[in-house]
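> Sharing a structure with you now.
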Amino acid sequence: MATLELDSVRKTFQDDSGEIVAVDDVSTAIDDGEFLVVVGPSGCGKSTMLRMVAGLESITSGTVSLNNRVINDVKSQDRDIAMVFQSYALYPHMSVRGNMSFGLEESTDLPDDQIAEMVSETAELLGISNLLERRPTDLSGGQQQRVALGRAIVRDPEVFLMDEPLSNLDAKLRAQMRTELQRLQEDLGVTTVYVTHDQTEAMTMGDRIAILNDGRLQQVATPLECYHEPANQFVAGFLGEPSMNFFDVRFERGVLVGDAFEYPLGPEVREALDGTTDLVLGIRPEDIELAETASNDHDFATTVDVVEPMGDENTVHLKFDEGVETMIATADGFTRISAGDDVVARIPAESIHVFDRETGEALRNRSLDSKTLSAALE
Amino acid sequence: MFDLYRRLSGALGRSSGNDNASGNEARTDGGVVSDRSVPEPGSESDPGPLARVGAAVDRRLGSDFLESSLFWLPPFLLIALFVYGAIIWNLLISLTDYRGFANAPDYGNLDFEMYTRALADPGFIDAAVNTLILLVAFTGATLAVGLLLAILIDRGIRFENAFRTIYLLPMSLSFVVTAQFWLWMYNFNNGIVNLLLGTVGIGPISFLGDQTIVLWAVIFALMWQFSGYAMVVYLAGLRAIPTEHYEAAQVDGASTLKMYWRVIIPQLKGATISAAVVLMVFGMKAFDFLYSLVGGYRPPNGADILATKMVREAYANLNWAYGAAIAIVLFGMALAVIGPYLVYEYRRNNL
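Residue numbers (full-length UniProt numbering), protein chains in the order written: chain A, 1 to 378; chain B, 1 to 351.
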């Protein structure tokens with residue numbers, strides 16, 4: 001049982017062209033038993049961050065501490081962590097049993113019979129008891145994935161580190177393993193850092209998610225907070241599929257002026273802007289309401305460009321009648337709508353996000369019935 | 001054979017239509033003949049013995065067996081004659097008493113006299129034991145040194161390519177050159193090895209004169225020449241192991257030594273086997289090295305191996321049949337090395 005803390009962690013690589021910053025000044029604390037998902041686009045430094053915690057990558061500056069003990073200079077052999085690799089990295093010359101007992105044999109002085117017992121218990125937990133004598137090459141991808149998990153679980157480490165463990169599975173198996181992994185982590189109560197580029201995994205699995213971009217930490221919060229109250233434009237655009245619509249706008253005379261539309265603001269929002277004039281207006285596709293006729297100044301005449309039916313909902317690409325700007329809205333799957341239709345898009349005042357165009361920082365997030373949100377977060 | 005060549009010309013010149021054979025013969029080339037539309041019971045039901053044999057061969061060995069024989073048959077016959085034919089001829093000679101200046105071996109009286117003579121000959125026993133020691137010690141030492149070099153180079157040292165070339169270079173030298181080179185190195189009076197040992201107060205040692213040491217001196221020289229080869233084979237094996245295996249072992253708590261011993265080296269089994277087979281074959285061919293070392297058929301006392309003894313018996317002493325018998329024993333040893341390897345590769349579906 002452990003708390004893990006990263007304090008101003010920085011990692012740079014030397015290259016011919018100079019210094020490359022992979023992880024820049026990341027600070028965060030992970031509580032005992034917490035499941036933290038680190039998410040970001042590829043190349044954002046999330047794997048490097050995980051490898052620094054694992055001791056596979058040196059730390060340029062800053063500290064990583066486990067249970068309030070700085071472990072920068074502790075070799076990964078002595079860190080009492082277990083890692084699940086994207087490629088599983090199962091030892092091909094050992095049986096499943098050999099793979100699972102290797103870590104216990106090397107890191108503890110337990111007698112052989114006790115190790116054997118722990119291995120069979122863990123195998124039972126994961127439903128791989130019947131595979132123990134087989135070689136990794138004889139297993140399917142899903143089975144290999146379970147063995148890789150088992151190899152980590154059997155060691156009962158202070159921290160689990162997982163580097164995109166589900167990304168080599170097919171979609172159906174991935175969804176199944178996602179749920180299973182979550183349940184396992186809850187049962188075992190081991191502090192876990194889980195790296196992924198998949199936002200579904202990030203949203204559904206973690207107690208909290210940490211969003212990384214260009215080596216910098218953008219936001220660490222619960223999934224719902226990140227989704228509804230993003231700290232900046234990057235987080236807002238990264239989470240959600242289809243992603244949030246953004247419009248470059250200027251704030252003039254109490255109105256947001258865009259290429260294709262003017263959007264009047266209420267007094268509360270105006271105050272939040274605090275004098276900034278170059279802004280970005282954001283609205284999530286599911287918050288856009290489609291109507292027959294315009295009835296107020298938040299309604300805009302648009303033409304349907306493309307409709308992508310998803311079954312439960314339709315993704316509708318809309319084009320403003322004036323200007324060239326487009327936006328994406330999601331409509332109910334039973335809505336009858338087709339390309340070329342004229343529709344009115346309503347952008348509700350309570351659902352808009354406003355970002356500073358220069359810094360990307362969120363100036364105003366959608367208003368939520370905060371009781372509902374905190375209830376959802378409890 | 002007639003059928004074979006007819007079929008060949010049929011296969012190669014089908015479009016030219018110059019095959020003027022008619023009736024049942026036309027069928028054998030597999031072409032669609034227009035007059036087949038009217039079945040003629042007499043000729044059609046009995047295609048003739050040659051065609052039947054051809055069809056049977058096709059059924060058994062695949063439809064292109066005869067047609068492709070133009071390409072594989074000539075080299076097959078050449079190898080059959082000059083390799084396998086020579087082995088069989090050698091075996092026959094070893095069963096005769098052929099020696100001296102007799103015109104031809106007498107094949108009328110075949111027995112195993114030469115083999116019993118070999119078993120009673122202390123020179124043969126010594127040579128056989130030396131050959132085995134050479135095979136095992138040379139192969140083992142070369143593999144160990146090669147593995148060590150490969151692991152060191154694989155750990156990402158500077159000037160990796162230069163080191164790789166330097167270590168591999170001795171293998172490109174001929175046995176004659178390395179033998180001369182080590183003759184100088186081992187020189188009793190002013191060889192580098194003895195000079196170096198002299199600085200720490202050992203020696204001088206007569207490496208090539210002392211029959212308890214000379215075999216080991218030869219093994220060391222051969223190891224120097226071939227450890228670069230073992231290194232390259234191991235390096236290729238190491239490069240095929242994903243980095244995650246090293247990292248997983250580290251995270252699992254294994255020390256560097258344990259990581260190599262339990263996770264990395266076991267995965268080099270394939271590389272070890274193929275390098276060992278090649279090295280053993282080189283070890284058996286150490287004749288050139290010993291011949292150049294002394295410039296004759298009589299290697300230093302204590303370093304006689306089967307290959308040198310075989311040549312000496314045959315060409316220096318004109319004991320043709322006895323030399324042939326030794327050659328057969330050597331052939332048996334080579335088979336014992338290669339055979340299991342072939343079986344291993346066959347099981348892994350590489351053959």
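Just so you know, even glycine gets a beta-carbon here, dropped at the ideal spot from N, CA and C.
Note that this is a predicted model, so its numbers are computed, not measured.
Chain A beta carbons: is any one of them nearer than 9 Å to that of B:Asp35?
Counting from 1 along the second sequence, the entry for residue 35 of chain B is found at position 35. Low confidence applies here, because B:Asp35 scores a pLDDT of 45, under 50, leaving its location unreliable and the question unanswered by this model.
> Assess contact between the stretch 192-199 of chain B and the stretch 155-174 of chain B, defined as three or more Cβ pairs (one per stretch) separated by less than 8 Å. Is contact present?
Too few Cβ pairs lie closer than 8 Å, so no.
> Helix, strand or coil: how does DSSP classify B:Lys285 here?
Here residue 285 of chain B is taken as the residue at index 285 of the second sequence, counted from 1. Reduced to three states, the DSSP call for B:Lys285 is coil.
> Would you call B:Lys309 buried or exposed, if buried means 16 or more other Cβ atoms sit within 10 Å of its Cβ?
Position 309 of the second sequence, counted from the start, is the residue given in the question as residue 309 of chain B. Label assigned to B:Lys309: buried.
> Quick one: what's got a C-beta closer than 7 Å to A:Thr137's C-beta in the same chain, skipping five residues either side?
If you number the first sequence from 1, residue 137 of chain A lands on position 137. Here the set comprises Pro92.
> Tell me which residues of the stretch 100-123 of chain A have at least one Cβ-Cβ distance to chain B shorter than 7 Å, keeping chain order.
Listed by position along the chain: Phe102, Gly103, Glu106, Ser107.
> Taking the alpha carbon of B:Asp304 as the point to measure from, which residue in B:Val129, B:Ser63, B:Pro49, B:Arg60 has its own alpha carbon closest?
Counting from 1 along the second sequence, the entry for residue 304 of chain B is found at position 304. The shortest C-alpha separation from B:Asp304 is found at B:Val129.
> Are at least three pairs of beta-carbons, each pair with one atom in the stretch 251-261 of chain B and one in the stretch 286-304 of chain B, less than 8 Å apart?
As far as the Cβ criterion goes, the stretch 251-261 of chain B does not touch the stretch 286-304 of chain B, which means the pair count is below three.
> Cβ of A:Pro309 within 9 Å of Cβ of A:Asn245?
The residue given as residue 309 of chain A occupies position 309 in the first sequence. The residue given as residue 245 of chain A occupies position 245 in the first sequence. No. Outside cutoff.
> Work out the CA separation of A:Ile352 and A:Phe251 for me, nearest whole Å.
Locating residue 251 of chain A in the first sequence gives position 251, counting from the first residue. Locating residue 352 of chain A in the first sequence gives position 352, counting from the first residue. Each residue's alpha carbon lies about 14 Å from the other.
> Compare the C-beta of B:Gly332 with all C-beta atoms of chain A and state if any pair is closer than 9 Å.
Residue 332 of chain B sits at position 332 when you count from the first residue of the second sequence. No, because no Cβ of chain A sits closer than 9 Å to the Cβ of B:Gly332.
> Does any heavy atom of the ligand MG sit closer than 8 Å to the C-beta of B:Glu345?
What this structure holds is no ligand at all, so the ligand MG is not there to describe.
> Against chain B, with Cβ distances strictly below 9 Å, would A:Gln144 count as a contact?
Here residue 144 of chain A is taken as the residue at index 144 of the first sequence, counted from 1. With 9 Å as the cut-off, A:Gln144 does not count as an interface residue toward chain B.
> I need the boundaries of the alpha helix (DSSP H) containing A:Gly62, first residue and last residue.
Residue numbering aside, residue 62 of chain A sits at position 62 when the first sequence is read from its first letter. That residue, A:Gly62, is in no alpha helix (DSSP H); its beta strand (DSSP E) goes 61-66.
> Under DSSP, the beta strand (DSSP E) around A:Ala349 begins and ends at which residues?
Position 349 of the first sequence, counted from the first residue, corresponds to residue 349 of chain A. Element bounds for A:Ala349: n/a, residue is neither H nor E.
> Runs of 4 residues minimum, wholly inside the stretch 243-317 of chain A: which ones carry the alpha helix (DSSP H) assignment?
Those alpha helix (DSSP H) runs which fall completely within the stretch 243-317 of chain A and span 4+ residues are 267-273.
> Whose Cβ in chain A lies nearer than 7 Å to the Cβ of B:Gly253?
Here residue 253 of chain B corresponds to residue number 253 of the second sequence, with the count starting at 1. By Cβ distance, chain A contributes Gln77, Gly103, Glu106, Ser107.
> Quick one: grab the DSSP three-state call for A:Ala6.
Taking the first sequence and counting its residues from 1, one reaches residue 6 of chain A at position 6. Residue 6 of chain A is actually Leu in this sequence, not Ala. Of the three classes helix, strand and coil, the one that applies to A:Leu6 here is strand, per DSSP.
> What does the alpha-carbon distance come out to for the pair A:Asp214 and A:Glu105?
Looking up residue 214 of chain A in the first sequence gives position 214. Looking up residue 105 of chain A in the first sequence gives position 105. Each residue's alpha carbon lies about 39 Å from the other.
> B:Ala321 and B:Arg114 - do their beta-carbons sit closer together than 9 Å?
Sequence index remark: in the second sequence, residue 114 of chain B carries index 114 (1-based). Sequence index remark: in the second sequence, residue 321 of chain B carries index 321 (1-based). Inspection of the sequence shows that residue 114 of chain B is occupied by Met rather than by Arg. Going by C-beta atoms, B:Met114 is nearer than 9 Å to B:Ala321.
> Going by CA-CA distance only, name the one from B:Gly283, B:Glu313, B:Leu238, B:Val329 that's closest to B:Leu148.
As a working mapping, residue 148 of chain B is identified with position 148 in the second sequence. It is B:Leu238.
> Looking at the secondary structure, which residues open and close the beta strand (DSSP E) in which B:Ile125 lies?
Numbered from its first residue, the second sequence carries residue 125 of chain B at position 125. Looking at the DSSP string, B:Ile125 is not in any beta strand (DSSP E); the run it does join, the alpha helix (DSSP H), is 122-154.
> Chain B beta carbons: is any one of them nearer than 9 Å to that of A:Leu161?
Along the first sequence, one-based indexing puts residue 161 of chain A at 161. With 9 Å as the cut-off, A:Leu161 counts as an interface residue toward chain B.
> In the DSSP assignment, find the alpha helix (DSSP H) that holds A:Arg51 and state where it starts and stops.
As a working note, residue 51 of chain A is residue 51 in the first sequence. Residues 46-54.
> In three-state DSSP terms, what is B:Asp29?
Within the second sequence, the letter at position 29 stands for residue 29 of chain B. Residue confidence is low: B:Asp29 scores 46 on pLDDT, short of 50, so the model does not pin down where it sits. No coordinate-derived value is stated.
> Using a cut-off of 7 Å between C-beta atoms, extract the partners of B:Ala80 located in chain A.
If you number the second sequence from 1, residue 80 of chain B lands on position 80. Those within 7 Å of B:Ala80 in chain A number zero; the least Cβ separation is about 40 Å.
> In chain order, what residues of the stretch 56-72 of chain A put their CB closer than 7 Å to some CB of chain B?
Answer set for the stretch 56-72 of chain A: Leu56.
> Name the residue from B:Leu342, B:Asn301, B:Leu335 whose alpha carbon lies nearest to the alpha carbon of B:Gly209.
As a position in the second sequence, residue 209 of chain B is number 209, starting the count at 1. Comparing Cα-Cα distances from B:Gly209 to each of B:Leu342, B:Asn301, B:Leu335, the minimum goes to B:Asn301.
> For B:Ile328, which residues from the same chain have a beta carbon less than 7 Å from its beta carbon, with the 5 sequence-adjacent residues on both sides left out?
By 1-based counting over the second sequence, the position of residue 328 of chain B is 328. Once the five neighbours on either side are set aside, the close Cβ partners of B:Ile328 are Asn90, Leu91, Ser94.
> When you compare the CB of B:Lys285 with every CB in chain A, is at least one pair closer than 9 Å?
Translated into positions along the second sequence, residue 285 of chain B becomes position 285. B:Lys285 does not count as touching chain A.
> Rounding to the nearest angstrom, what Cα-Cα distance links B:Ile241 and B:Tyr234 in this structure?
Against the second sequence, residue 241 of chain B aligns to sequence position 241. Against the second sequence, residue 234 of chain B aligns to sequence position 234. Rounded to the nearest angstrom, the two C-alpha atoms are 11 Å apart.
> Using Cβ-Cβ distances below 8 Å, what residues of the stretch 253-276 of chain B are close to chain A?
The stretch 253-276 of chain B vs chain A, Cβ under 8 Å: Gly253, Ala254, Ser255, Lys258, Arg262, Val263, Pro266, Gln267, Lys269.
> Which first and last residues belong to the alpha helix (DSSP H) in which A:Ala148 is found?
For the purposes of this step, residue 148 of chain A is taken as the residue at position 148 of the first sequence. Note, A:Ala148: alpha helix (DSSP H), 141-153.
> With 8 Å as the limit, tell me which residues of the stretch 146-175 of chain B have their beta carbon closer than that to any beta carbon of chain A; keep them in chain order.
For the stretch 146-175 of chain B, which is checked against every Cβ of chain A, not one residue is closer than 8 Å.
> Going by DSSP, which residues form a beta bridge with A:Val39?
As a working mapping, residue 39 of chain A is identified with position 39 in the first sequence. Beta-bridge pairing links A:Val39 to A:Thr196, A:Ile211.
> State yes or no: is the beta carbon of A:Ala272 nearer than 9 Å to at least one beta carbon in chain C?
Reference to chain C is not applicable here, since the protein chains of this structure are A and B.
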